[in-house]
Amino acid sequence: VLSRVYLGLLVPARTGRQTFVGDCLWSEPHCDTRQYITEQLFTGGLRPPAVRDLVRQSGARFVLADCRTTVDLSRALAPLAVSVRRFGCASVYEVYTTSPPEGALAESPTHAAAVRTSGRQ
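Reading the sequence shown from the start, the letters are residues -17 to 103 in our numbering.
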């Protein structure tokens, strides 16, 4: 799930799904970069092609836009969106991705193993 940092802390407990960014113990590699790029996504700092690239590279199946999101992601996510559900001022976009996470921000097997073996998820 791609969401803001504070929701990234809550989503796993409430849904059982992994998040792209949350606590830095979970958000490796490059936690600071993940936090920055995710904030850019929800504040309009990314152009539509960059939004789609981020979603593809993250491997996210859902994008959770909270009530503070200042950009309408509908157009940027349209080529990837399977469905959109609105909950008041928040939106959940289900996106279709055909590949596993890739690129510099993708979770590496080493980081995934370290977090999961320690019991933190």
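Ideal placement from N, C-alpha and C gives every residue a C-beta, glycine not left out.
Same chain, Cβ closer than 8 Å to residue i, five either side skipped, listed in chain order
i	result
leucine -8	none
glycine 70	Cys49
Length of the line joining the Cα atoms of residue i and residue j
i	j	result
alanine 135	proline 31	Coverage of the chain is limited to positions -17 through 103, which leaves residue 135 absent and any answer about it impossible.
valine 66	arginine 34	16 Å
glutamine 103	proline -6	For glutamine 103, the predicted model reports a pLDDT of 39, less than 50, meaning its position is unreliable and no value from the coordinates is stated.
arginine 98	leucine 7	In this prediction, arginine 98 scores a pLDDT of 33, lower than 50, which makes its location untrustworthy; the coordinate-derived value is nonetheless stated afterwards. Distance between the alpha carbons of arginine 98 and leucine 7 is about 10 Å.
One or two residues paired with residue i in a DSSP bridge
i	result
alanine 72	Phe69
phenylalanine 44	Glu76
alanine 63	Val77
leucine -16	Val45
Residue j beta carbon less than 9 Å from that of residue i
i	j	result
threonine 20	glycine 41	no
valine -13	arginine -1	no
threonine 51	serine 73	yes
tyrosine 75	phenylalanine 44	yes
arginine 38	alanine 58	no
serine 9	threonine 1	yes
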